[in-house]
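Structure record follows, encoded as structure tokens.
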Amino acid sequence: MPELPEVETVRRDLNAHVLGLRIQAVRVRDARVIRGTTSKKFVEGLTGRTIKEISRRGKAIICHLDNGRYFIVQLMMTGQMVYAPQLPKTPLKETKVTFELSNGTYLNYNDQRLFGRLTLFEKLEDVKHFAILGPEPFDLSFNASFIKEALKRRNMAIKTVLMDHTFVAGIGNIYASEILFRSGISPKRAARGLKISEIKRMHTMTLEVLEEAILHRGSSMRNYRDGQGEKGTFNKLIKVYAREGEKCERCAAPILKIVQGGRSTFYCKHCQH
DNA sequence: AGGTCGACCTGGCAGC
DNA sequence: TGCTGCCAGGTCGACC
Numbered sequence: 028m029p030e031l032p033e034v035e036t037v038r039r040d041l042n043a044h045v046l047g048l049r050i051q052a053v054r055v056r057d058a059r060v061i062r063g064t065t066s067k068k069f070v071e072g073l074t075g076r077t078i079k080e081i082s083r084r085g086k087a088i089i090c091h092l093d094n095g096r097y098f099i100v101q102l103m104m105t106g107q108m109v110y111a112p113q114l115p116k117t118p119l120k121e122t123k124v125t126f127e128l129s130n131g132t133y134l135n136y137n138d139q140r141l142f143g144r145l146t147l148f149e150k151l152e153d154v155k156h157f158a159i160l161g162p163e164p165f166d167l168s169f170n171a172s173f174i175k176e177a178l179k180r181r182n183m184a185i186k187t188v189l190m191d192h193t194f195v196a197g198i199g200n201i202y203a204s205e206i207l208f209r210s211g212i213s214p215k216r217a218a219r220g221l222k223i224s225e226i227k228r229m230h231t232m233t234l235e236v237l238e239e240a241i242l243h244r245g246s247s248m249r250n251y252r253d254g255q256g257e258k259g260t261f262n263k264l265i266k267v268y269a270r271e272g273e274k275c276e277r278c279a280a281p282i283l284k285i286v287q288g289g290r291s292t293f294y295c296k297h298c299q300h
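Its first residue numbered 28, the first sequence is counted upward by one per residue in this note's numbering.
Below you can see the structure in the form of structure tokens.
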């Protein structure tokens, strides 16, 4: 699914549309997306609650409720949180949960593959996933000296480490490839073999790519949609991801595809060393 | 502890 | 047209 820029876009959209609204009713059409509790308790826990704030940690959306509890959404690969002024006559097949809001509008949780998770928590400290998560890329703690220390212990390929959420939160398969292309670093390099100049460049490019992607409301490959159901436009600026065989914009060599840790990686052999 | 692998699901698409 | 196999943006638990 969506990586950090896409989730951040959804968060901002929801902030604009649903903040301060009360959840009047919750309709669960497929209980498999509800985790950690029963569908009944989930509905009871949300009905009547007002959404006070919407934040993000890594690729998770956090809705702060007026009773001090938290409603957390992980979109995973194919989840969508879409604001809708009205509902279609027949619900979409992928709409798994519908939230009816106090101003007569709706919020739909759509998911084609049921990988996504909707969970209720008493405290954020209870979220196991957050406890193992690395720093946010935009945090000051995520800097060249932190990266240098963290990479020392890693013998894995740098691409695999960039995607590892215990190292840094929010970077997935698309942006890991894009960051390394802009950094001129081969995805196959051993993480601990990077020079400090390369680490600095990678850090700068990480922020640059993520900021640009947020500005363009994310990348839409197949399933990603923003909070209004629209596609993101960062795809146009993607240089290597899913571009196998196309000419590298910089040097015209063909973009290559390899598999690392079971995931596809795209890169330019000529521009990345 | 670091590292690898398969499982979780459904649908779209390429190839035959 | 219709079948089969492969692939997909993430995360977790089991294993070495």
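Just so it is clear, CB atoms sit at the ideal spot from N, CA and C, and this is done for glycine as well. The model shown is predicted, which means the values in this text are computed figures rather than measured ones.
Going by C-alpha positions, E152 is about 7 Å away from A158. The beta carbon of I265 lies closer than 8 Å to those of I201, E205 and S246 in the same chain, with the five residues before and after it left out.
Q107 sits away from D57, with the two beta carbons spaced by 9 Å or more. When the alpha-carbon of R228 is set against those of H243, R209 and N135, the nearest one is in R209. For N42, the enclosing alpha helix (DSSP H) covers residues L31 to V45. Residue range I50 to V55 is occupied by the beta strand (DSSP E) that includes A52.
Note on geometry: alpha-carbon atoms of C298 and C90 lie some 42 Å from one another. For H91, the three-state secondary structure derived from DSSP is strand. When DSSP states are grouped into helix, strand and coil, A196 belongs to the coil group. Scanning K284, E80 and N170 for the CA closest to the CA of E225 turns up N170. Bounds of the alpha helix (DSSP H) holding I226 are I223 to L242.
Assigned with DSSP and collapsed to three states, Y251 falls in coil, not helix or strand.
Within the same chain, Cβ atoms closer than 6 Å to the Cβ of I185 are found at R216 and A218, the five residues on either side in sequence being excluded.
For the region 98-130, the full-length beta strand (DSSP E) segments reaching 3 residues or more read 106-111 and 122-128 along the chain. Assignment of Y202 by DSSP, reduced to helix, strand and coil, places it in the helix class. Taking 9 Å as the cut-off, the beta carbon of Q101 is found closer than this to the beta carbon of K86. Taking a contact to require three or more Cβ pairs closer than 8 Å, the region 28-35 and the region 238-258 qualify as touching.
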